[in-house]
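Each protein sequence line maps, in turn, to chains A and B. Per our numbering, the very first residue in the first sequence carries number 1; after that it's consecutive. Per our numbering, the very first residue in the second sequence carries number 10001; after that it's consecutive. Don't be surprised by glycine CBs; every beta carbon is placed ideally from N, CA and C. The structure presented is a predicted model; accordingly, all values stated were derived computationally and were not measured.
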Amino acid sequence: MPKNPNVKRVLVIGSGPIVIGQAAEFDYAGTQACRSLKEEGMEVILVNSNPATIMTDRNIADKVYIEPLTAGVLEQIIEKERPDSILPTLGGQAGLNLGMELEESGFLHSHNVRLLGTTAATIKKAEDRQEFKDTMEKIGEPCAASKVVESVKDGVAFTNTIGYPVVLRPAYTLGGSGGGIAHNQTELESILENGLRLSRVGQVLVERCIAGWKEIEYEVMRDGAGNCITVCNMENIDPVGVHTGDSMVVAPSQTLGDKEYQMLRSSALNIINELEITGGCNVQFALHPTSFEYCVIEVNPRVSRSSALASKATGYPIAKVAAKIALGYTLDEIKNAITGKTYASFEPTLDYCVVKLPRLPFDKFITAKRTLTTQMKATGEVMSICDNFEGALMKAIRSLEQHVDCLLSYDFSGLSGEDLKERLRIVDDQRIYVIAEALRKGIDYDTIHEITMIDHWFIDKIAILVEMEQALKTGPLTFPLLKEAKRMEFPDCVISRLTGIGEEEIKKMRYDNGIVAAYKMVDTCAAEFEASTPYYYSVYGSENEAVKTDPPKKVLVLGSGPIRIGQGIEFDYCSVHATWAFSKAGYETIIINNNPETVSTDFDIADKLYFEPLTPEDVESIVRIEKPHGAVVQFGGQTAIKLTESLMKMGVPIWGTKAEDVDAAEDRELFDKILEQTGIPRAAGGTVYTAEEAKQVANRLGYPVLVRPSYVLGGQGMQIAISDEEIEEFMEIINRIAQDHPILVDKYLQGKEIEVDAVCDGTDILIPGIMEHIERTGVHSGDSISVYPAHTITDRVKEKIGEYTRRLAKALHVKGLINIQFIAIGEEVYVIEVNPRSSRTVPYISKVTGIPIVDLATEVIIGKTIRELGYEPGLQQEADYFAVKMPVFSFEKIRGAEISLGPEMKSTGECLGIAKTFNEALYKAFLGAGVDLPRHKQMIITVKDADKGEAVEIGRRFEKLGYKIYATRSTAAALNEAGVKARKVNKISQESPTVMDLILGHRIDLVIDTPTQGRDKSRDGFLIRRTAIETGVNCITAMDTARALVTSMENANGRFTLIDVASI
Amino acid sequence: MKAFLILEDGTVFEGIHIGADKEMISEIVFNTSMAGYLEVLTDPSYAGQAVCMTYPLIGNYGICREDMESKQAWPAGLIVRELSRLASNFRSDMTIQDFLMEQGIPGIAGIDTRALTKLLRKKGTMNGMITSDESYHLDEILPKLRAYTTGNVVEKVTCSHKYEITCEADAIGKRVALLDFGSKENIARSLVKRGCDVTVYPAFTKAEEILADNPDGIMLSNGPGDPKECEGVIQEIRKLYETEIPIFAICLGHQLMALATGADTFKMKYGHRGGNHPVKDLKTGKVYISSQNHGYVVDMEKLDPDVAVPAFVNVNDGTNEGLSYVGKNIFTVQYHPEACPGPQDSGYLFDRFIKMMEVGEDA
């Protein structure tokens, strides 16, 4: 079926800010889809509130709207742009829901817009719990028995019909709060009662418990003519009970025979056919471990996180094909881009093994519960490919960049056999290390399997790795042993630790004996057809397929690894743009990265893609073959920067800013010297290694002080300390991980925080714009609301910032990008931090100013000057509109995480509000972040003493908006005294009704809760904030944020000005 | 113990010996299925061939005897990247290592199966030897390898005498004569499951004998080797063609019917073996993912359109995947609707065959 000629202008909906469960994979899918649509001559209109994405680039879509993803905004865009079609299935759940809302309201119909891809009826069938169950029943596909109940009595009665244990999931609570597994009536009654209370609608789903079954997923494609294929299947190493996003996953399935494999495959096709999905779809199954019984867990009628993983695991571009299907093509008309010979109607077959591991944020949220449940907690993931499972697992572990490189990386050797058995019951991110230790202690497979329900096959594979550790430890390190260890991808550093032989010596032994990495191709067809796409993974002991090319100019671009808090999608944006810019300038480009969710790991971005861990050894193996002329590290975040020294040792020149200059910005003494030379003031401070030294410095400076490790992104480990006790606590936390570099202790200055990104060509600098933070210093820049152009600072301060930026860039010999954070106190400007590399704000500032600074930085690195590129150096003219970047958090997903903001970054994503006035931009930004107020016009204020004055002002403004204010004792007193009517409400420990009861009444819009100085140790405040977040109540922890919110609400009106960012 | 895979072009792969302790010479082919190694091992169509599995991890779920596609294993050898030391499946009866020993099949593990596959793709199917003799001499071996032919392997794999499988439940009263050229058991199972009684005949049964039993339909099975070696069988099939009895043929059966009606077959460069091949139904335009195992194919160029027309083609390379016989109740496919291993998407073809028997025309 040829493409539908009536489709010419397509509106694509993105997925909005990055949150846990909806991350970079949708930028990947959306970007691929948009490119695919443009390839077909479509005019693409894109809407996404997330400015850090590649899909919102002017070269990806024709019209780009970075606007809040609400039905109202979409309607306005449709009225303005008049698309003939809308594609909602590539923007995650957010995009899908919006598409449905517009369809159901009749808006699409009345505006002659057709819904491309899957129809509304189909989506309803897949998403509505009851309709889905009915549909599955109709076609004989089993689901786990379940029922929505509204009383404990009904819950008990239903459970009696299906038997214990049952899973309980309260409706409309976030983060799975109030849910759990009940094994008997007592547990059921207790959990159910609590769950019904927590649920906003008083409903709890009671479901047969299938925890412990194998969890298997199929990625399925179907075209409009009904042709179906499965792209790949995946097996979760963690059985049902852990969200697939948090599971260790292997592709293809390893423990399924053809009978099980085909049974589930046929079921997946049966389902996609009945639902009449056109495009991509993901079907999740639970398979009983000792029978053929299975249940359909869930169907996602759209491109998902799993489909991004499947695309990278197989080389089959699901989103691209889904977009073509949406235009009317059938699978047998779409060419397989990897082979160029076969068609999209063929099923990829793998001749390697893929392992995905989640990147969990427990290093950021140290108070959070590490346990893994059906609520996803991972912020990102890594994938690795090898020709054996052991190797794939080892590579995936070291790709995580969490100070782990083998199964010994978490030490459980202190636990006895009995302790280990108990520990195995805890399902958390360390379970695999516990299993390894259990095997070391001789606990048998059956016992481990009975406790964890992890398949024997995987346990055996872990045992093989443990046996290798043992062999290396007891060794002599013979040539065959070394060869076997490398086949399993033991890195040299681990072999060195286990054998006691130096790493260099091991490397030499390898090279002398020809034990070097070889590269194989991901080709979708297990070598059956010739493929020309250089998408490689490493193996040991095989023929090398990577051909060294000899172009005149060849550059290595290092990616940024898994998405984590503090190092997100922005760096993928930078890496991809740098790659494109190098390509345009005639360079052969090579990307190394290990993140399956990103655009950079799409096989057609760089000339060559190496899907590999980003460690010195793995990079060196690639360098040995490719011999690039140079490498750029300034675009890949800290992951790439960390590789600088190793690359230099390998003899690869670092292009752009020199390594020693990067060091100068991070090294306290060197940097102080530069500041002195350039005459730029900064907060006083010192460098320390121990808590004693830290206390000395702090007392010399006077509290409060800022404590942080050097060489980190996202303010990891950064804290404001107000006492010696806190210094001790924070130093203890920081030093839990061995620090290669000193720890910095600075006087904490409170002022306005300003941020600039600039390009420097060695002589001139170009500053696209100055950004100003709404929150005072003390809140991490990534968690602050950022405004462009800076509108509350004087021209004099702006000039100073421009001048300081120029001086610093020159003193540091920056070639490429530099990011600087300043504090402005009155007319004084202090520098906080300089990063001679790309930053989180690069995509945002590029888009809102229309100045493509990554491209410019790349050109500068190649040797062009800013003037040659057609720009007048210096601070560029300010725009005549405002752009507000709003951080977005995923606190509801991480149980037990402290939500109050501080110097350590906690947000997972961001969205943008752009408008002619500051107030509208602010309102849009809040709306984009999901803050859509007012609803019930009731709020709670509980602030620390220092904030009471501001609370009065803010409270008064909310009161004017019609808000009924509740406040805890002293806050209420302060408000009432100042004439703001506040109802006193009891603390949690006092008698009912307490602040907690109020929140659980589900009639509260907003909680403003500022924690006491330093770390809030009061359980009360913590509980209030957590409960608010988990029941979906907006919770603000900084007075500046609260003021911004009330300002935006005062200026709200339904109509928006729309700005096509592509035309800036 | 070390083992060597020596190819007729002189390439030698060194690996580890697995399975029975013996030497073998055969044709070397590769299969791209990611699961289903037992079904592959027990598919009689692999007689005279050693199979290289392109998926590197084999044996993970052990051997579940009830999944065997015939009473024994047929390939001359097995070539894998890695055999799992643990068999993990609730139905597993034994490890694949033990099974290879029991069945007397030698093999080699630990070789770069992808490199071997690429070689076969480039140079075409080759003959080869698996040996654990470290003092091998290529000069002696290579001529032997070049001289090897699979010969008429159908003789080896067909049943020795006629037998019946009766349907136990929901019988529809149709009797199918199944000509066993090396039939996978799931062909008979697929028919029995649909309510047919099946009588299985040895490959060299005379047409008259089959017709004398008065079947409602005739099924020509899959099987190994070059179809042109089966001269006698082809003549008998011609006689079956002349009758009005509905005929459904799979793989070798499909090729034999083509040869019996004047068409031609040729050997493909490296064949189709795997579970991911797209075939397109030319009548409906629909594409199905199929299970395949064939090294020969019907030459579409030489088809007489008055006798047979293409019904299915391979989407990847455009080769013939099925024929519909003009004016006859006969349709034949090159691929495996009985699956095992592989996708079950084409099971509907058995229903079509049954409908043909019921209404007497191609439904």
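Residue closest to residue i, alpha-carbon to alpha-carbon, out of the options
| i | options | result |
| --- | --- | --- |
| A/Ala121 | A/Ile216, A/Glu274, A/Ser970 | A/Glu274 |
| A/Ser989 | A/Phe822, A/Arg129, A/Thr89, A/Ile1024 | A/Ile1024 |
| A/Tyr881 | A/Glu872, A/Ser890, A/Ala921 | A/Ala921 |
| A/Lys554 | A/Lys421, A/Arg423, A/Ala973, A/Pro628 | A/Pro628 |
| A/Ile727 | A/Asp740, A/Asp746, A/Ile737, A/Ser710 | A/Asp746 |
| A/Pro1011 | A/Pro887, A/Pro616, A/Gly778, A/Asp740 | A/Gly778 |
Buried versus exposed call for residue i [16 or more other C-beta atoms within 10 Å across all chains shown]
| i | result |
| --- | --- |
| A/Asp1016 | In this prediction, A/Asp1016 scores a pLDDT of 49, lower than 50, which makes its location untrustworthy; the coordinate-derived value is nonetheless stated afterwards. Label assigned to A/Asp1016: buried. |
| B/Glu10134 | exposed |
| B/Leu10138 | exposed |
| A/Pro681 | exposed |
| A/Ile825 | exposed |
| A/Thr549 | exposed |
| A/Asp795 | exposed |
| A/Glu437 | buried |
| A/Val201 | exposed |
| A/Asp411 | exposed |
| A/Ser416 | exposed |
Rounded separation between residue i and residue j - CA only
| i | j | result |
| --- | --- | --- |
| A/His577 | A/Ile366 | 34 Å |
| B/Asp10093 | A/Glu484 | 30 Å |
| B/Leu10005 | A/Asp523 | 25 Å |
| B/Cys10196 | B/Asn10214 | 14 Å |
| B/Leu10142 | B/Thr10265 | 28 Å |
| A/Ile464 | A/Ala392 | 13 Å |
| A/Pro5 | A/Ile325 | 13 Å |
| A/Gly315 | A/Lys356 | 15 Å |
| A/Gly850 | A/Ala879 | 10 Å |
| A/Leu675 | A/Glu833 | 11 Å |
| A/Ile774 | A/Gln567 | 22 Å |
| A/Gly91 | A/Thr1047 | 31 Å |
| B/Thr10095 | B/Asn10031 | 20 Å |
| A/Ser1106 | A/Leu198 | The question about residue 1106 of chain A has no answer here: the residues shown for chain A are numbered 1 through 1064. |
| A/Phe926 | A/Asp238 | 37 Å |
| A/Arg398 | A/Asp405 | 4 Å |
| B/Phe10353 | B/Val10287 | 19 Å |
For residue i, the three-state DSSP class (helix, strand or coil)
| i | result |
| --- | --- |
| A/Glu755 | strand |
| A/Ser1048 | helix |
| A/Arg1055 | coil |
| A/Asn6 | coil |
| A/Glu75 | helix |
| A/Ser583 | helix |
| B/Lys10174 | strand |
| A/Gly1021 | helix |
| B/Met10101 | helix |
Counting only runs that start and end within the segment 440-507 of chain A, where is the alpha helix (DSSP H) found for 4 or more residues in a row?
With a minimum length of 4 residues, the unbroken runs of alpha helix (DSSP H) contained wholly in the segment 440-507 of chain A fall at 445-452, 456-474, 479-487, 492-499.
Please specify which runs of the beta strand (DSSP E), each continuous and at least 3 residues long, are wholly inside the segment 816-840 of chain A, giving them in chain order.
Within the segment 816-840 of chain A, the complete beta strand (DSSP E) runs of at least 3 residues are 828-835.
Restricting to runs no shorter than 3 residues, where is the beta strand (DSSP E) found entirely within the segment 10302-10328 of chain B?
As far as the segment 10302-10328 of chain B is concerned, its whole beta strand (DSSP E) runs of at least 3 residues are 10308-10314, 10320-10325.
Every unbroken beta strand (DSSP E) inside the segment 669-744 of chain A [3 residues or more]
Those beta strand (DSSP E) runs which fall completely within the segment 669-744 of chain A and span 3+ residues are 685-688, 705-709, 719-721.
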